[in-house]
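K.L.:
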C-alpha cells in the first residue's frame, strides 16, 4: 500500500503554490488521496514493526511511528514550513527504511 500509493502521489500533481498558475482540481484531489494513503500506509508499517520487533529496532520503529503522526499534524499547524517538514519526514522515513529497519527475528513464514 505504501509503495503503490507513493508512486501514484508522484504521478498526480498537487495544486501550484503560485496563484497565477491554473490548478487542475482532479489531479490535486487524487494527489491528496494518494499522499494520505501513503502516510497511513507508512504509519501502519512503522507501528507494526514496533509491535513485532525487540530492542533497538522497536525503539527506532516507535520513533518513526511518532514522526509519521506528529509531522503531518505540525504541517497543518505551521503551514509556513510545510515544505521543510515534508522533507524532514521523507528523509527520516527513507533513511529508516533503507539503512536501519531490519526484519523482526523469530518470524516464521
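In this note's numbering, the protein residues as written are 2 to 110. Idealized CB from N, CA, C, for every residue including glycine.
Can you tell me which of the three DSSP states residue 111 falls into?
P.N.:
Because the chain here runs from 2 to 110, residue 111 falls outside it and cannot be looked at.
K.L.:
Straight-line CA distance for residue 76 to residue 87?
P.N.:
Whole-angstrom Cα-Cα distance: 8 Å.
K.L.:
Could you work out which residue in 7, 9, 79 and 46 is closest to residue 63 when comparing CA atoms only?
P.N.:
Comparing Cα-Cα distances from residue 63 to each of 7, 9, 79 and 46, the minimum goes to 46.
K.L.:
Provide the residue span of the alpha helix (DSSP H) that contains residue 35, from first to last.
P.N.:
First-last of the alpha helix (DSSP H) with residue 35: 26 to 53.
K.L.:
Tell me whether residue 39 is buried or exposed, calling it buried when 16 or more other Cβ atoms sit within 10 Å of its Cβ.
P.N.:
Flag for residue 39 reads buried.
K.L.:
Under a three-way DSSP split, which group does residue 16 fall into?
P.N.:
The answer is coil: DSSP assigns residue 16 none of H, G, I, E or B.
K.L.:
Suppose the cutoff is 7 Å on Cβ atoms and the five residues either side in sequence are ignored; what does the same chain contact list for residue 89 look like?
P.N.:
Only 72 meet the Cβ criterion.
K.L.:
If contact is defined by three or more beta carbon pairs under 8 Å, each pair taking one atom from either stretch, is the segment 10 to 19 in contact with the segment 27 to 34?
P.N.:
Short answer: they touch.
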